[in-house]
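There are 2 protein chains.
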Amino acid sequence: MQRLLLKNCAALIDDGANGYTHLPDAFIGIEGDTIVSIGAERPAGDWTEKDLGGALLIPGLINGHTHAAMTLLRGLGSGLPLDRWLNEAIFPVEDRMIRADMAAGNALAQMEMLRTGTTSYSDMYYFLDTEAELCQKSGMKVNLARPIVGFDPNETAAQSERARESIELFDTWHGKENDRIRVDFSIHAEYTNQERLVGEYAEIGKARGARMHLHLSETVKEHAACKQKYGKTPTEWFRDLGVLDLPTTAAHCVTVEDGDIAILKAYGVSPVHNPSSNLKLGSGFMRLKTLLDAGLNVGLGTDGTASNDNLNMFEEMHLAALIHNGYAADPTAIRAADVLNMATRNGAALQGRPDTGSLAVGKKADIVAVNLHAPHLIPSFDPLATLIYAAQGSDVCMTMVDGKVLYENGEYKTIDAERVLYDVHAALKRMYR
Amino acid sequence: MQRLLLKNCAALIDDGANGYTHLPDAFIGIEGDTIVSIGAERPAGDWTEKDLGGALLIPGLINGHTHAAMTLLRGLGSGLPLDRWLNEAIFPVEDRMIRADMAAGNALAQMEMLRTGTTSYSDMYYFLDTEAELCQKSGMKVNLARPIVGFDPNETAAQSERARESIELFDTWHGKENDRIRVDFSIHAEYTNQERLVGEYAEIGKARGARMHLHLSETVKEHAACKQKYGKTPTEWFRDLGVLDLPTTAAHCVTVEDGDIAILKAYGVSPVHNPSSNLKLGSGFMRLKTLLDAGLNVGLGTDGTASNDNLNMFEEMHLAALIHNGYAADPTAIRAADVLNMATRNGAALQGRPDTGSLAVGKKADIVAVNLHAPHLIPSFDPLATLIYAAQGSDVCMTMVDGKVLYENGEYKTIDAERVLYDVHAALKRMYR
């Protein structure tokens, strides 16, 4: 088993109280895929040593909500109003995407994610077996979610093709590759589904002990329409159908009401904040401080690149740290530690990966090295603040998952970048001919 | 005289109607410091050719409002409320800064700016002769502004040490280095000044044909206090004292009222939007769309790094493009072209540099090359949208001012980076001992 010692580095390690301790001279020992020692002194024993050139080590970033293969639709229809953006730009192209396109789009996404410090992501899309196969080779962690959609109120779970795919994906891939690949059950949203199918599908997921990933109250319009149609909020609708009995990740939660927040708390639902997407699409501002103050496990995500237009968690951290202070007219509203937690610990919790999310003995070695020597990061009085307010995705110099280096200084260790770009261009030619 | 031909590149050139034309295969000819030809074919004649490796050329970015040497205070006091941030973190350290510190801080700032595509900036701070000397060597363009501050209502311009410094700076440096170095008159803000000094100082500036750079209505508190004290808004106060008779750059303008906007328009004042700073400090949201719709020449700036924490105009462009859509719940509120205009054409106008701000024959060759081949920029359906929504400061591969390459692929051509970092660390030791 490999015994790897990371040295010549600083680290933001787990302080045991949901915060961070800055270790200016850190030695992190890794056996196999697990962190076995963290300290200020070189631990005894034989180690393969890895010199990090003075970089800052942080926990791998966890993208709590994305649609990875939408990289092939990056920026498509920018500037259109939401309904025209979906109906004229996004949906027609998505309809033309085939399995090979998804494979190429996912590989391009992983390249972008690895070089900006993401080690694990929760992906909601389709043809996801291509992504599972990709993760086998690339070494990234993923929670896959093939969402159900249905407009026929009489449709049963047994009749739903999408439900079948989703369940099959779970049965085939969940827990594979030493749990690197996990599969969540998934419901696209209230407004794209009917009660019967949702209720039956949730029952099936519960019986399997699965987690759930869905879109919740992203816009004022969908939230109001649900109340009009059912006399209840989307949160209440999902609760009443038994969906929230599964450990649930709820993307967006922009327009949740106070009563909804109490429900999310009671059911242990993890909202995921997607600041870029909510801003670009004009969806509005999640009540982040309210949700955090309520003790909710709020994650952070990029959403798809069609509405972002990146998969760069540093950008989302930066936005999450800034925009709510402006919106609340309070420079103390959101703390840097809150933001890093959202992108690490909270992401680990919502993915059902308690062995990830921070740098501590016994955790998996999902570690990112950030070069703090660039002119835009000098001086650094508080490395955590530097990371959140000043660092860029491009400052990542190494990304490691389960003790294995997947990206380092511009080089992908498990992905053939040239081949991916070839496949991407072929896919683009097909999709946009 | 150098005859330089930029080739193997695309370019966002001036479309003659305040917008951009994308030239996928561009040849840009430069004689000395000026663009003499732009076309899709190689122009006849002898040229020294420069291959840009397929990068996208854009006009040099213009940072409309910053305090450059505050790089040495980067991130200081992050998370403190505004008054404690200023009084406990910023002011005590600023008080200890000596001339050598300013020189080091400015050089560090120019390194960060050059590598993220800024060619010119409007700087409000002190010991600015050090910055003029730096620009002589580094080749950057700057509008220097030494602001007056005064709390004695009887103080005259002749008695004010700061007014003397400001005027002397103008008389010594304005127009130097073939107009690369310009000096603006500057009033820190209404709330830090008295009427007599401001009125007299503005008269002196007007007589010299100078431009003005000031802070205006940054926060609700200062705006309300001014109305309380004088029965007029800060905009009215400056107008009534004759200040707006000078071509004026007004940083922030977060809390300007409708009547103020009419005054700014009537007097041709250029507001500068500083989204990062306004968000981080909790100052709020400038009414950007309202100001643009009113036909104001709105620039874009980073403010100082103590409240940003970068001097990265790509980040400000990204924020300016996103946050107002979220705030207005309208994904069409701010267009990508509006944002690039703010960072280029509008910046050129507010600096009094009509020979910069776009790629057109006859303009100065202030040109930035952006590498669009990175995974996070593929595909690019609309290069302008890619630039604003997806590109990062780190994608800049070349920055040229007046036809001279100042930065290229990690290398500074006119700045001794190692020496700067040495000086910076010496300054930091002194300031924070």
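Taken in order, these protein sequences are the chains called A and B. For the first sequence, our numbering assigns the number 640 to the initial residue and increments by one for each residue that follows. For the second sequence, our numbering assigns the number 640 to the initial residue and increments by one for each residue that follows. Where a beta carbon is used, it is the ideal one built from N, C-alpha and C, also for glycine. Please read all numbers here as calculations on a predicted model, not as lab measurements.
For the region 880-911 of chain B, the full-length alpha helix (DSSP H) segments reaching 4 residues or more read 897-905 along the chain. Secondary structure at A:MET1037: strand, using DSSP grouped into helix, strand and coil. Looking from the CA of A:PHE666, the closest CA among A:GLU1050, A:GLY718 and A:LEU651 belongs to A:LEU651. Here B:THR929 really is in contact with B:ILE900; their C-beta atoms are around 7 angstroms apart, less than 8 angstroms. In its chain, beyond the 5 residues on either side, THR872 have a beta carbon closer than 8 angstroms to the beta carbon of B:LYS866.
In the same chain as B:THR831, and ignoring 5 residues on each side of it, the C-beta atoms closer than 6 angstroms to its own belong to VAL788, in chain order. For the options A:ILE701, A:ALA890, A:VAL732 and A:LEU643, the alpha carbon positioned closest to that of A:ASP994 is the one of A:ILE701. Annotated three-state conformation of B:GLY923 is coil, per DSSP. When the alpha-carbon of B:VAL978 is set against those of B:PRO698, B:ASP1005, B:GLU1050 and B:GLY714, the nearest one is in B:PRO698. Of the candidates B:GLU816, B:SER799, B:ASN817 and B:ASP810, the residue whose Cα lies closest to the Cα of B:ILE826 is B:SER799. Per DSSP, A:TYR1028 has no beta bridge partner at all.
For B:ALA828, there are no neighbours in chain A by C-beta distance under 9 angstroms, as the nearest C-beta there is about 18 angstroms away.
In the DSSP assignment, A:THR769 falls within the unbroken alpha helix (DSSP H) covering 768-777.
Taking one beta carbon from each stretch, the region 1064-1071 of chain A and the region 1037-1054 of chain A have fewer than 3 pairs nearer than 8 angstroms; the two do not touch. Within chain B, not a single residue places a beta-carbon under 9 angstroms from that of A:VAL788; the smallest gap is close to 23 angstroms. Judged by DSSP in its simplified three-state form, B:GLU1047 adopts strand. Here A:HIS1064 carries a helix assignment [DSSP, helix/strand/coil]. As computed with DSSP, B:LYS689 is found in a beta bridge with B:LEU645. Across the set A:LYS919, A:MET709 and A:ASN657, the C-alpha of A:MET709 shows the shortest separation from the C-alpha of A:ALA742. In this structure A:GLY996 is not in contact with A:ALA1004, their Cβ atoms being roughly 12 angstroms apart against a cut-off of 8 angstroms. Note on A:TYR1061: under 16 other CB atoms within 10 angstroms of its CB, so exposed under the neighbour-count rule. Taking 8 angstroms as the threshold, the shortest C-beta distance from A:ALA975 to chain B falls below it. At a cut-off of 8 angstroms between C-beta atoms, A:SER717 counts as an interface residue with respect to chain B. Per DSSP, B:MET640 is not a residue of any beta strand (DSSP E), being assigned neither H nor E. Here B:SER676 has PHE666, ILE667, GLY668, PRO682 and VAL1000 as same chain residues with Cβ atoms under 8 angstroms from its own Cβ, once five neighbours each way along the sequence are excluded. Comparing alpha-carbon positions, the option among B:GLY1032, B:VAL1007, B:GLU1047 and B:ALA972 lying closest to A:GLY718 turns out to be B:ALA972. Taking a C-beta distance under 8 angstroms as the contact criterion, A:SER915 and A:THR941 qualify as a contact pair.
Proximity of chain A to B:ALA1024 at the Cβ level (cut-off 8 angstroms) is accounted for by GLY714, SER717, GLY718 and ASP948, in chain order. About 5 angstroms separates the beta carbons of B:SER946 and B:LYS919, which is inside the 8 angstroms limit, making them a contact pair. Only buried fits B:ARG801, as 16 or more other CB atoms lie within 10 angstroms of its CB. For A:ALA1056 and B:THR858, the gap between their C-alpha atoms comes out near 48 angstroms. Between the region 1014-1023 of chain B and the region 711-730 of chain A, the count of Cβ pairs shorter than 8 angstroms is three or higher; the stretches touch. Taken in chain order, the unbroken stretches of beta strand (DSSP E) that lie wholly in the region 668-724 of chain B and span 3 residues or more are 673-678, 687-698 and 700-705.
In chain order, PRO970 make up the part of chain A whose C-beta sits under 8 angstroms from the C-beta of B:TRP724. At a cut-off of 8 angstroms between beta carbons, B:ALA967 contacts chain A.
For the set A:TRP724, A:PHE877, A:HIS706 and A:PHE730, the Cα lying nearest the Cα of A:ALA746 is the one of A:HIS706.
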